[in-house]
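Enquirer: Just so you know, we're using this note's numbering here: the sequence shown kicks off at 52 and counts up by one.
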Amino acid sequence: MTTIEQSAPAATAAPRTRPSFARRHRAGLTTTASILVVLVFWEVVGRQMNPIFSSYPTAIVRQFGVQLKSGLLVEALFDSLQPLLLGFLVAALIGVPVGLLVGRYRAADAALGVYVTAGYAMPLVALIPLFMLWFGLGFTVKVVIVVVMTVFPVVINTRAGVRAVPRAMTEVGTSFMATEFAVMRKIILPATVPHIMTGLRLGIGRAVIAIVIAEFFTAIGGLGGQIILAGQRFDTAGLFVPVIVLMALGVGLTRLVGWLETKVAPWADAAADRD
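1) Using three-state DSSP, classify F285 as helix, strand or coil.
2) Measuring CA to CA, which of R257, Q277 and L280 is closest to V176?
3) Using a Cβ-Cβ cutoff of less than 8 Å, which residues in the same chain neighbour L124 once the five nearest sequence positions on both sides are dropped?
4) Would you check if there are 3 or more beta carbon pairs closer than 8 Å linking the segment 273-288 to the segment 124-142?
5) Residues in its own chain within less than 6 Å of I103 by CB, not counting five upstream and five downstream?
6) Do you know whose CA, among W93, T81 and S131, lies nearest I260's CA?
7) Could you say which of I86, V199, V206 and I111 lies nearest to G150 if we only look at CA atoms?
8) Whose C-beta lies closer than 7 Å to the C-beta of L128 among residues of the same chain, with five residues either side of it excluded?
9) Just checking, does the segment 212-230 make contact with the segment 241-250 on the three C-beta pairs under 8 Å criterion?
10) Whose C-beta lies closer than 6 Å to the C-beta of A288 among residues of the same chain, with five residues either side of it excluded?
11) Please give me, in chain order, every unbroken run of the alpha helix (DSSP H) with length at least 4 that falls completely inside the segment 98-142.
12) Throw me the rounded Cβ distance for the T269 and L188 pair, which I believe falls under 8 Å.
13) With DSSP run on the structure shown, which of helix, strand or coil describes T313?
14) Please confirm whether any heavy atom of the ligand FAD lies closer than 7 Å to the CB of V296.
15) Given this structure, state the Cα-to-Cα distance separating V147 from G138, to the nearest angstrom.
16) What does the Cβ neighbour count give for I196, buried or exposed, with the cut at 16 atoms within 10 Å?
17) Please state whether the Cβ-Cβ distance between L290 and G301 is less than 8 Å.
18) From what residue to what residue does the alpha helix (DSSP H) around T168 run?
19) Roughly how many angstroms lie between the CA atoms of T168 and L311, to the nearest whole one?
20) Alpha carbon to alpha carbon, how far is I179 from M173?
21) Let me confirm a value: V91 is counted as buried when at least 16 other C-beta atoms fall within 10 Å, else exposed. Which label applies?
22) Can you give me the C-alpha to C-alpha distance between A323 and T313, rounded to a whole angstrom?
23) Please check the pair G309 and R252, which I expect to be a contact at CB under 8 Å, by giving their CB distance rounded to whole angstroms.
24) When the cut-off is 8 Å and only beta carbons count, does T201 lie next to chain D?
25) Please report the straight-line C-alpha distance between G97 and L87, rounded to a whole angstrom.
26) Could you give the DSSP three-state label for P148: helix, strand or coil?
27) Here's the rule I'm using: 16 or more other beta-carbon atoms within 10 Å means buried, otherwise exposed. How should E266 be labelled?
28) Give the DSSP-derived three-state secondary structure of G272 in the structure shown.
29) Do P204 and G154 have their C-beta atoms within less than 8 Å of each other?
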């Protein structure tokens, strides 16, 4: 008698389990743990040191509350944010078009490229006394310093993005009788957006540094002025308050630019995830 063996029914696929909370938030938990370790170490070591030379987190938090309650911190932050944001906006409005021109046209690169490279490499802090002679000690000179120190990373990254566009893409547009403006607007600019946003992220960091340097040199005001005054009083905890606010400001603005990149260039984020 022939035995007929029947194949077992295919096993049903096991239901997909949702990743645990720790797996889903691994990066955030790691960052939080790292910050807590640093704060605890700082607290323990800082309490053993002379308060003239160092401070510790709990003392800084108390001083933060004092400055916040008095209104000095909010006023200083507002005084620094105005020239910082305006200068960054002007630097972006100048840097992106210049980067597109220098990256696209050899004549523009030959005429302006040397100034871009020199401006990025030169220590622009050396020009601040000259800016003070030209623009005074008020709001205008702060904006100028932020623009000058921020514009070059935007130009350089935009130029690199234009040069990274495959020539085949622009040749296709040209073969379909597209005008130079149409090629720039519909092919080069969308492909360059990720590089532009990288330049803006780098520029934000430079802008924060620039506004502090401007306030150091020009006038006692803003967060930079608070740092100078606290240093003159040997108030280490009070000095750390605007420093930490500046750090948080830089991180927050950088994250904001990164968020904007996901909105204006979502394809770049998707490509990075595939890689």
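Don't be surprised by glycine CBs; every beta carbon is placed ideally from N, CA and C.
Treat the numbers as computed from the prediction; the structure is a model and nothing was measured.
Expert: Reading it off the structure:
1) As a position in the sequence shown, residue 285 is number 234, starting the count at 1. If DSSP states are grouped into helix, strand and coil, F285 belongs with coil.
2) Within the sequence shown, numbered from 1, the residue matching residue 176 stands at position 125. The shortest C-alpha separation from V176 is found at R257.
3) Position 73 of the sequence shown, counted from the start, is the residue given in the question as residue 124. Contacts found: F115, Q118, Q277, V292, P293 and V296.
4) yes
5) For the purposes of this step, residue 103 is identified with residue 52 of the sequence shown, where counting begins at 1. If we look at I103 and ignore the five residues flanking it on each side, its Cβ neighbours are F285.
6) Here residue 260 is taken as the residue at index 209 of the sequence shown, counted from 1. Selected option, being the one with the closest Cα: S131.
7) Within the sequence shown, the letter at position 99 stands for residue 150. Here the closest residue by C-alpha is V206.
8) Within the sequence shown, the letter at position 77 stands for residue 128. L274 and V296, listed in sequence order.
9) yes
10) Reading the sequence shown from its first residue, position 237 is the one you call residue 288. Hits under 6 Å: S106, A110, I111 and Q114.
11) 108-121
12) Taking the sequence shown and counting its residues from 1, one reaches residue 269 at position 218. Taking the sequence shown and counting its residues from 1, one reaches residue 188 at position 137. About 5 Å separates the two Cβ atoms, so the contact holds.
13) Residue 313 sits at position 262 when you count from the first residue of the sequence shown. In this structure, T313 counts as helix in the three-state DSSP scheme.
14) This structure simply doesn't include the ligand FAD, nor any ligand for that matter.
15) Position 96 of the sequence shown holds residue 147. Position 87 of the sequence shown holds residue 138. Spanning the two alpha carbons is a distance of roughly 14 Å.
16) Counting from 1 along the sequence shown, the entry for residue 196 is found at position 145. Buried is the call here.
17) One-based indexing of the sequence shown puts residue 290 at position 239. One-based indexing of the sequence shown puts residue 301 at position 250. Their beta carbons are not under 8 Å apart, which means L290 does not touch G301 by this criterion.
18) Reading the sequence shown from its first residue, position 117 is the one you call residue 168. R157 to A172 is the extent of the alpha helix (DSSP H) around T168.
19) By 1-based counting over the sequence shown, the position of residue 168 is 117. By 1-based counting over the sequence shown, the position of residue 311 is 260. Approximately 27 Å between the Cα atoms of the pair.
20) Looking up residue 179 in the sequence shown gives position 128. Looking up residue 173 in the sequence shown gives position 122. Spanning the two alpha carbons is a distance of roughly 13 Å.
21) Along the sequence shown, read from residue 1 onward, the residue named residue 91 stands at position 40. The residue in question, V91, is exposed, as its Cβ has fewer than 16 Cβ neighbours within 10 Å.
22) Walking along the sequence shown from the start, residue 323 turns up at place 272. Walking along the sequence shown from the start, residue 313 turns up at place 262. With a pLDDT of 49 at A323, under the threshold of 50, the modelled position of this residue cannot be trusted; read the value that follows with caution. Each residue's alpha carbon lies about 11 Å from the other.
23) Here the question's residue 309 lines up with position 258 in the sequence shown. Here the question's residue 252 lines up with position 201 in the sequence shown. 7 Å between Cβ atoms; contact.
24) Of the chains in the structure shown, none is chain D; there is only one protein chain.
25) By 1-based counting over the sequence shown, the position of residue 97 is 46. By 1-based counting over the sequence shown, the position of residue 87 is 36. One C-alpha to the other measures close to 15 Å.
26) The sequence position of residue 148 within the sequence shown is 97, counting from 1. The answer is helix: DSSP assigns P148 an H, G or I state.
27) Stepping through the sequence shown from its first residue, residue 266 is reached at position 215. With 16 or more Cβ atoms within 10 Å of its Cβ, E266 is classed as buried.
28) Within the sequence shown, numbered from 1, the residue matching residue 272 stands at position 221. In this structure, G272 counts as coil in the three-state DSSP scheme.
29) Walking along the sequence shown from the start, residue 204 turns up at place 153. Walking along the sequence shown from the start, residue 154 turns up at place 103. Not in contact: P204 and G154 (Cβ atoms no closer than 8 Å).
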